[in-house]
Amino acid sequence: MDRPTLDAAYNNSGAVAASAGYLADWTMRSAKLRAQDGHSLDLPYGPRERNRMDIFRSGAADAPILVFVHGGYWQRNSKDVFSCMAEGALAAGIDVAVPGYTLAPAASLGQIMDEIAAALAWLRQEGPAMSVAAGRLIISGWSAGGQLAASAMALPQVDAGLAISGIFDLEPIRLGELNDKLGLTGADVQHLSPIHTIPPSSGPLVMAYGTAELPELRRQSIEYEQAWRAAGRDGEILPLAQEDHFSILEQLARPGGVLCEQVVELAGRA
1 MDRPTLDAAY
11 NNSGAVAASA
21 GYLADWTMRS
31 AKLRAQDGHS
41 LDLPYGPRER
51 NRMDIFRSGA
61 ADAPILVFVH
71 GGYWQRNSKD
81 VFSCMAEGAL
91 AAGIDVAVPG
101 YTLAPAASLG
111 QIMDEIAAAL
121 AWLRQEGPAM
131 SVAAGRLIIS
141 GWSAGGQLAA
151 SAMALPQVDA
161 GLAISGIFDL
171 EPIRLGELND
181 KLGLTGADVQ
191 HLSPIHTIPP
201 SSGPLVMAYG
211 TAELPELRRQ
221 SIEYEQAWRA
231 AGRDGEILPL
241 AQEDHFSILE
251 QLARPGGVLC
261 EQVVELAGRA
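First residue of the sequence shown? That's 1 in UniProt numbering, and the numbers climb one at a time after it.
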């Protein structure tokens, strides 16, 4: 497809009329959660300004922890918008960590991936002293965060994963306007695309997408799950009927939502 068609094929905000409304609602709900007592905000895990992590405590003893990585095509948004994605997991007795990361073009995608790895290493090392992250760790991410979560499945800190509406083959991103800030090369596509870097061993990974998403987003998850399973890894595809690229996240944030229940199962809380 030509570049304008390709750009439209990955324009999730343009495809969902209510996208701005979702972001505004999440920002408001996140501010309310962040204002509650008992949570730890803006903990530094690295040297850069956005190398900060929020930890939300469920209050359950020996709780597993969900690490949620936000999306925005590696160049937009911040962790503070997505604190509310912890609501469902907290209600299920699961702690939640939400790391921030440097955005492109201030960081390359490889550097962003290194920051997520550093966040996980920091959480495993420092978390137990704060009574978190001593048990099972599930990583999840949405959109660009799905790429970051899938890439982290190779790390020893991670026990299981849930990639939501992720980007697993970076070649279409390299060819479109999104690459103006990312600067991906052909070599980057091979080295940084989850579909080309499936780990030799890992925990289980669930790949979720909405059936009302753009066709390219659906294709990304379907083809990645096929490659993941072909490599002998433990995983499954989870299409959510009628959900679009934004509404699907309510299934994570809502207690009892389909994706929240997936986290509960992956955490061994089912």
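The C-beta atom is built at its ideal place from N, Cα and C for all residues, glycine as well.
The model shown is predicted, which means the values in this text are computed figures rather than measured ones.
What would DSSP say about Arg48, mapped onto helix, strand or coil? Reduced to three states, the DSSP call for Arg48 is coil.
Which of the three DSSP states, helix, strand or coil, is assigned to Ile248? Looking at Ile248 - three-state DSSP - the assignment turns out to be helix.
For the alpha helix (DSSP H) containing Ser201, list its first residue and its last residue. Annotation for Ser201: no alpha helix (DSSP H) segment contains it, and DSSP assigns it neither H nor E.
Since Arg48 and Thr5 should fall inside the 8 Å C-beta cutoff, what is the C-beta to C-beta distance between them, to a whole number of angstroms? Arg48 to Thr5, Cβ: 36 Å. No contact.
Spatial distance of Arg50 from Asp114 (CA atoms): Their backbone Cα atoms lie some 13 Å apart in a straight line.
Contact test: Leu259 Cβ vs the ligand PLP heavy atom, cutoff 8 Å: By its list of ligands, the structure shown contains no ligand whatsoever, and the ligand PLP lies outside what it can speak to.
Helix, strand or coil, according to DSSP, for Ser40 in the structure here? Collapsing the DSSP output to three states places Ser40 in a strand.
Cβ-based burial, Gly268 [other Cβ within 10 Å; buried from 16]: Counting Cβ neighbours within 10 Å, Gly268 comes out exposed, since fewer than 16 surround it.
Should the segment 235-243 be regarded as contacting the segment 189-196, the criterion being three or more beta carbon pairs within less than 8 Å? Fewer than three pairs of CB atoms, one per stretch, sit closer than 8 Å, so the segment 235-243 makes no contact with the segment 189-196.
Please state whether DSSP places Tyr101 in a helix, a strand or coil. Residue state, collapsed to three classes: coil.
Are the beta-carbon atoms of Gly110 and Asp80 separated by less than 9 Å? No; because the gap between Cβ atoms is not below 9 Å, this pair is not in contact.
For Leu148 and Phe246, what's the separation of their Cα atoms in angstroms? Note on geometry: alpha-carbon atoms of Leu148 and Phe246 lie some 18 Å from one another.
Secondary structure at Leu184, three-state DSSP: helix, strand or coil? In the structure shown, Leu184 falls within a coil segment according to DSSP collapsed to helix, strand and coil.
Inter-residue CB distance, Ile164 and Ala129 (contact presumed, cutoff 8 Å): Not a contact, Cβ separation roughly 30 Å.
Could you name each continuous beta strand (DSSP E) segment of 3 residues or more that falls completely within the UniProt domain "Alpha/beta hydrolase fold-3" (66-172), going from the start of the chain to the end? Listed in chain order, the beta strand (DSSP E) elements of length 3 or more contained wholly in the UniProt domain "Alpha/beta hydrolase fold-3" (66-172) are 95-99, 137-142, 160-164.
Look up Leu259 in the DSSP assignment and say whether it is helix, strand or coil. Residue state, collapsed to three classes: helix.
Where does the unbroken beta strand (DSSP E) through Pro239 begin, and where does it stop? Where Pro239 is concerned, the enclosing beta strand (DSSP E) starts and stops at 235-240.
Any 3 or more C-beta pairs closer than 8 Å across the segment 82-90 and the segment 248-260: Result yes; three or more Cβ-Cβ pairs closer than 8 Å.
Pick from Pro199, His196, Leu170, Thr197: whose alpha carbon is nearest that of Thr185? Comparing Cα positions, the closest option is Leu170.
C-beta contact flag for Ile65 and Asp95 at 9 Å: Yes; because the gap between Cβ atoms is below 9 Å, this pair is in contact.
Alpha carbon to alpha carbon, how far is Ala60 from Ala212? Spanning the two alpha carbons is a distance of roughly 36 Å.
What does DSSP give as the partner residues of Asp54 in its beta bridges? DSSP lists Val98 as partners of Asp54.
Can you check which of these residues, Ser143, Ser131, Arg52, is closest to Asp42 by C-alpha distance? Distance check between Asp42 and each of Ser143, Ser131, Arg52 places Arg52 closest, using alpha-carbon atoms only.
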